[in-house]
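Here the working numbering is used: the first residue of the sequence shown is -5, the next is one more, and so on. Written below as structure tokens is the structure these notes are about.
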Amino acid sequence: MTIAPGSTIGIVGGGQLGRMLAIAAAQLGYKCHIYAPDEAPPAAEVSARFTRGAWDDEAALAQFGRSVDVATYEFENIAAGPLTALSAETPLFPPRRALEIAQDRVSEKSFVRDLGGRPPVFAAVATREELEAAIAEVGTPAVLKTRRFGYDGKGQARIMAPADADSAWDAVRGAPSILEAFVDFTAEFSILLCRGADGETVTWPVPRNSHEGGILARSEVPAPAELAPQIAEAEALARTVADALHYVGLLTLEFFATPAGPMFNEMAPRVHNSGHWTIEGALTSQFENHVRAICGLPLGAVDLTAPRIEMWNLLGADAERWKDILADRTAHLHLYGKGEGRPGRKMGHVTRLVR
């Protein structure tokens, strides 16, 4: 199936990822229609149409599906169930099963483990009593995370010793959770993979990522040479995951580099913050290849455009430095058109090609 240029792509979600997807789609001659509950989402500013609707409004999602030729999503913290109404009206990529698995941390880690991946030691936690049993099984230090709807460090609490159990349980508000053992790692990296419906797959050169407060702060490409053996193993796992899901579109798997090899952290069935550097730093960006994949077009080359690329996020008030950033003629500034620059809120990013 090929969706020709001139067709309309529906994007569920109106944030910065949807915005950059819409820009990439426009360059290929597609129109985009955004669906989101917000009054004026950033993606709507650069799209042909915008429908305001709730994530769980099946009638509105079905109507949205009838207005587009193919649909995708840029945000995984939405219930997968209502998307059935959308997928009944138009092709939806990535497949809903990928979203269902990625939304639940226990399902996600179990799925990857069953395919031969290596997640941290973990245990499911549904009650305060089960937390006690999980601490005995997993040990401390550990981190308690809600099973669903947490990102950028949200919905998490550290347990450095068993005595921290009460405060951690309060922090996640008693929600169904997962307890994960702390990981002794030397680096963090992500695999960015794009797969077409015909099984054609590309993976970009791998970024080394740095996080601050649970939020991605910086990505540097290529990753250090000493990570090459771990990257090769992680890429093989990512391809296995994508094939098992009959995946179409951009898939991101995040890893810790450890003495025992790459340890799987989490997956995101969408374009990803650690791939923003690809807009200027690769021959084809993650956003363009995602559009190509969901529309049935050949995938583009992913070679680097410079020997080294640096990307860092602009969080909160960082975006107010736009004038100083633009004074550096080597800097590529991306602002997301958001309003208030709250602490920790992703307001934009900057990419520099180092020659």
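The beta-carbon is built from N, C-alpha and C at its ideal position, and this holds for glycine as well. The model shown is predicted, which means the values in this text are computed figures rather than measured ones.
Restricting to runs no shorter than 4 residues, where is the alpha helix (DSSP H) found entirely within the segment 192 to 267? Taken in chain order, the whole alpha helix (DSSP H) runs of length 4 or more contained in the segment 192 to 267 are 222 to 238.
Contiguous alpha helix (DSSP H) assignments of at least 4 residues, all confined to the segment 87 to 142: Within the segment 87 to 142, the alpha helix (DSSP H) runs of at least 4 residues that lie entirely inside it are, in chain order, 90 to 97, 99 to 108, 122 to 132.
Should the segment 95 to 106 be called in touch with the segment 244 to 262, which here means at least 3 C-beta pairs below 8 angstroms? Contact between the segment 95 to 106 and the segment 244 to 262 is present, because at least three Cβ pairs lie under 8 angstroms.
Looking at the unbroken beta strand (DSSP E) that takes in residue 307, where does it start and where does it end? As a position in the sequence shown, residue 307 is number 313, starting the count at 1. Note, residue 307: beta strand (DSSP E), 302 to 309.
Taking residue 244 as the reference, which of 42, 69, 304 has the closest Cα? Locating residue 244 in the sequence shown gives position 250, where the first residue counts as 1. Here the closest residue by C-alpha is 69.
Would you mind working out which of 200, 219, 214 sits nearest residue 296, comparing C-alpha positions? Counted from its first residue, the sequence shown places residue 296 at position 302. Nearest C-alpha to residue 296: 200.
Identify, in the order they occur along the chain, each residue of the same chain with its Cβ nearer than 7 angstroms to the Cβ of residue 139, setting aside the five sequence neighbours on each side. In the sequence shown, counting from the first residue as 1, residue 139 sits at position 145. Result list for residue 139: 99, 149, 150, 171, 172, 174, in chain order.
Does DSSP put residue 343 in a helix, a strand or coil? Numbered from its first residue, the sequence shown carries residue 343 at position 349. DSSP places residue 343 in strand when its eight states are reduced to three.
Quick one: what's got a C-beta closer than 6 angstroms to residue 196's C-beta in the same chain, skipping five residues either side? The residue given as residue 196 occupies position 202 in the sequence shown. Counting only Cβ-Cβ distances below 6 angstroms, and skipping sequence neighbours, we find 188, 293, 296.
Closer than 6 angstroms: residue 130 CB and nearest the ligand FAD heavy atom: Judged by which ligands are present, the structure shown has none, so any question about the ligand FAD falls away.
Tell me the DSSP secondary structure of residue 34 in three-state form. Residue numbering aside, residue 34 sits at position 40 when the sequence shown is read from its first letter. Three-state result, residue 34: coil.
How would you write the range of the beta strand (DSSP E) that residue 171 sits in, first residue to last? Working through the sequence shown from its first residue, we reach residue 171 at position 177. Taken as a continuous stretch (DSSP letters only), the beta strand (DSSP E) holding residue 171 covers 171 to 175.
Cα-Cα separation between residue 286 and residue 18, rounded to whole angstroms: For the purposes of this step, residue 286 is taken as residue 292 along the sequence shown, with counting starting at 1. For the purposes of this step, residue 18 is taken as residue 24 along the sequence shown, with counting starting at 1. Distance from the CA of residue 286 to the CA of residue 18, rounded to the nearest whole angstrom, comes to 10 angstroms.
Own chain residues within Cβ distance below 7 angstroms of residue 227, not counting five before or after: Locating residue 227 in the sequence shown gives position 233, where the first residue counts as 1. The answer, listed in chain order, is 255, 256.
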